[in-house]
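Counted the way my numbering counts, the sequence shown spans residues 4 to 497.
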Amino acid sequence: MLYESTRGSAAPPVVGAATVITAGLAPDGGLYVPRTLPLLPWRDWLEADYDAVAAYILALMLDDLPAADRAAAVAVYGDGRFGAGYPVLLLQAGDLGILELWRGPTAAFKDMALQVLPHLLPAAARRAAAGQKILILTATSGDTGKAALEGFRDVPGTQVCVFYPDGGVSAVQERQMLTTGGGNTFVVGVRGNFDLCQSAVKTAFTSEPLRAALAERGILLSSANSINWGRLLPQIVYYVWAYLEAVRQKCVRPGQPVNFAVPTGNFGNILAGWYARSMGLPLGRLICASNRNHILTDFFHTGLYDTNREFYRTESPSMDILVSSNFERLLYEAGGRDGGKIRRWYAALREYGRFRVEKEVLAACQSVFSSGWADESDCRAVIRRVWQERAYLPDPHTAVAWHVAEQYRAESGDDTYTIVVSTASPFKFAPAVLSAITAAPAPEPFAALAALERETDWPVPAGLRGLENKAARREALLEPGEISAWVEERFARP
Ligand SMILES: *Cc1c(COP(=O)(O)O)cnc(C)c1O
Numbered sequence: 004m005l006y007e008s009t010r011g012s013a014a015p016p017v018v019g020a021a022t023v024i025t026a027g028l029a030p031d032g033g034l035y036v037p038r039t040l041p042l043l044p045w046r047d048w049l050e051a052d053y054d055a056v057a058a059y060i061l062a063l064m065l066d067d068l069p070a071a072d073r074a075a076a077v078a079v080y081g082d083g084r085f086g087a088g089y090p091v092l093l094l095q096a097g098d099l100g101i102l103e104l105w106r107g108p109t110a111a112f113k114d115m116a117l118q119v120l121p122h123l124l125p126a127a128a129r130r131a132a133a134g135q136k137i138l139i140l141t142a143t144s145g146d147t148g149k150a151a152l153e154g155f156r157d158v159p160g161t162q163v164c165v166f167y168p169d170g171g172v173s174a175v176q177e178r179q180m181l182t183t184g185g186g187n188t189f190v191v192g193v194r195g196n197f198d199l200c201q202s203a204v205k206t207a208f209t210s211e212p213l214r215a216a217l218a219e220r221g222i223l224l225s226s227a228n229s230i231n232w233g234r235l236l237p238q239i240v241y242y243v244w245a246y247l248e249a250v251r252q253k254c255v256r257p258g259q260p261v262n263f264a265v266p267t268g269n270f271g272n273i274l275a276g277w278y279a280r281s282m283g284l285p286l287g288r289l290i291c292a293s294n295r296n297h298i299l300t301d302f303f304h305t306g307l308y309d310t311n312r313e314f315y316r317t318e319s320p321s322m323d324i325l326v327s328s329n330f331e332r333l334l335y336e337a338g339g340r341d342g343g344k345i346r347r348w349y350a351a352l353r354e355y356g357r358f359r360v361e362k363e364v365l366a367a368c369q370s371v372f373s374s375g376w377a378d379e380s381d382c383r384a385v386i387r388r389v390w391q392e393r394a395y396l397p398d399p400h401t402a403v404a405w406h407v408a409e410q411y412r413a414e415s416g417d418d419t420y421t422i423v424v425s426t427a428s429p430f431k432f433a434p435a436v437l438s439a440i441t442a443a444p445a446p447e448p449f450a451a452l453a454a455l456e457r458e459t460d461w462p463v464p465a466g467l468r469g470l471e472n473k474a475a476r477r478e479a480l481l482e483p484g485e486i487s488a489w490v491e492e493r494f495a496r497p
């Protein structure tokens, strides 16, 4: 399988998977995408296990990695770290399916890929950059950080450094990151919101002086953000598996379409659904759900992507994003795979904070995606109602998607079987969830964990227990502009 950059000016223009996964970002600042998409023989997989489907898809797309490394990667789904049985669950709630993706060690869907990437990245680097150590720089709105730290903790030849917006993640998310331990993990707070943090990390990531200083010490930069294809690829698997499970549970007949409603931030999760659909899986509409930061909803209605707007901190912090990094991959496909167009749009974004795409490009997006958003009171109302009516406890991100799925069905009249993608355990956001169901103010975050367990009889996930008593460590609190210098000082000095 060969890959190219969305900006169309990378040298070399075409590379293999090992280079793609090692580098994270293409040298021209674009994102790597597959040149062609194979068809998935999903009809053959109705009896297959999750890890067998994963193994097939990884072999197809990562054909230049050693088979033994791919096998070790997919083994994570069956070794108990995602609980007993299947690593993901498809549940039914009335008309809607719920795809639970948060049974991994950090209780968010990021584990689905970030338990796998620590197997793929060292294997890719051995091929593409033999002998070099890897330094992973990652920006997080809360869940990626912990999942990356947990996945890469004590993986030989790697160091992982996570940057999060100070005050912009939940207390549980922050505590999870700061208590990871291990000899190769580093957590840094950044003043400002997630967009500032993500863009500053991207600047450090593409800084030639920093790369040169690190290279002198045999260190290569990589990314665990969903700009890295190695993050997206494992996410394709659960769309396939969810479809097969919907067939097995007789929600649809083989070949009938299924819609997915996805709580969206950086557009990585839903984009994996787009890839699955483009590879022949019978998916209907992909419903992109946003919170108050609904820049994507606005785009899907107008074709204008405009970041000149207020940024809100919400109770679904992993979606508090205005610059969705993976959206570039969709625009590349919808714009006819024209790197020049992407360069123009992103130059306008840099300069004016916005760009508008042509009618045809918008139409191509609208032919697959629907969209909507939920405000904070919609979100709380869904949590409360779903808990009362169905004894199911969605986290705030899942609740946003739930609201938008119901709204979409009511407004469009489309009664296709629709699956709401559930991206985190409600305990990661215990104060918000607890006060939504009790209609009372929440206690402080760690007391809220225990209180939510008492109130619902749902167990606190193992990874979230006893967090308040573990030793916490934060390396630094930086201004966005200080990141490159700090990384150089910390990692490139003898
Ligand atoms: C990361 C995250 C999202 C957003 O996913 P993207 O791939 O960034 O669109 C939604 N919900 C939760 C709980 C997350 O951790």
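Just so it is clear, CB atoms sit at the ideal spot from N, CA and C, and this is done for glycine as well.
In terms of DSSP beta bridges, what is residue i paired with?
i: C291; result: V265, S374
i: S225; result: I139
i: T421; result: L99, N262
i: L5; result: G19
i: A427; result: A111
i: A479; result: V191
i: F358; result: Y308
Given the structure, does residue i come close to ligand 1, in the sense that its CB is under 7 Å from one of the ligand's heavy atoms?
i: G268; result: yes
i: H297; result: no
i: T22; result: no
i: N196; result: no
i: T161; result: no
i: T305; result: no
i: G271; result: yes
i: F85; result: no
i: H122; result: no
i: A435; result: no
i: T317; result: no
i: K149; result: no
i: F112; result: yes
i: H400; result: yes
i: T426; result: yes
i: Q229; result: Note on identity: in this sequence residue 229 is Ser, with Gln being the wrong assignment. For ligand 1, at least one heavy atom lies less than 7 Å from the Cβ of S229.
i: D146; result: yes
i: S281; result: no
i: E180; result: The residue you asked about is not Glu; residue 180 is Met in the sequence shown. Flag unset: Cβ of M180 not near ligand 1.
i: S321; result: yes
I'd like to know whether the C-beta atoms of residue i and residue j end up nearer to each other than 8 Å.
i: M4; j: D54; result: no
i: G148; j: V175; result: no
i: A74; j: A58; result: yes
i: M322; j: G268; result: yes
i: Q201; j: V79; result: no
i: G145; j: V172; result: yes
i: A404; j: F112; result: no
i: V261; j: A279; result: no
i: L333; j: W277; result: yes
i: N187; j: F155; result: yes
i: L28; j: L34; result: yes
i: T109; j: E153; result: yes
i: L117; j: V424; result: no
i: A292; j: W390; result: no
i: M115; j: Y242; result: no
i: C368; j: F449; result: no
i: A275; j: L93; result: no
i: W45; j: G283; result: yes
i: A151; j: I139; result: yes
Kindly indicate the opening and closing residues of the beta strand (DSSP E) around residue i.
i: G100; result: 99-103
i: Y355; result: Y355 -> not in any beta strand (DSSP E); alpha helix (DSSP H) instead, spanning 342-355.
i: P37; result: 35-37
Which residues mark the beginning and the end of the alpha helix (DSSP H) in which residue i is found?
i: L365; result: 362-369
i: A453; result: 448-459
i: E248; result: 232-251
i: F155; result: 146-155
i: W489; result: 486-494
i: E379; result: 379-393
i: E471; result: Per DSSP, E471 belongs to no alpha helix (DSSP H) and is neither H nor E.
i: A133; result: Run containing A133: none; DSSP gives neither H nor E here.
i: L43; result: Element bounds for L43: n/a, residue is neither H nor E.
Length-filtered (3 minimum) beta strand (DSSP E) runs lying within the region 158-211:
Runs of the beta strand (DSSP E) spanning 3 or more residues and lying entirely within the region 158-211 occur at 161-168, 188-193, in chain order.
3 or more residues per run - each beta strand (DSSP E) lying fully within the region 55-124:
Along the region 55-124, the beta strand (DSSP E) occurs as fully enclosed runs of 3 or more residues at 92-96, 99-103, listed in sequence order.
Every unbroken beta strand (DSSP E) within the region 274-329, with a cutoff of 3 residues, ordered by chain:
Along the length of the region 274-329, whole beta strand (DSSP E) runs at least 3 residues long occupy 286-293, 307-309, reported in chain order.
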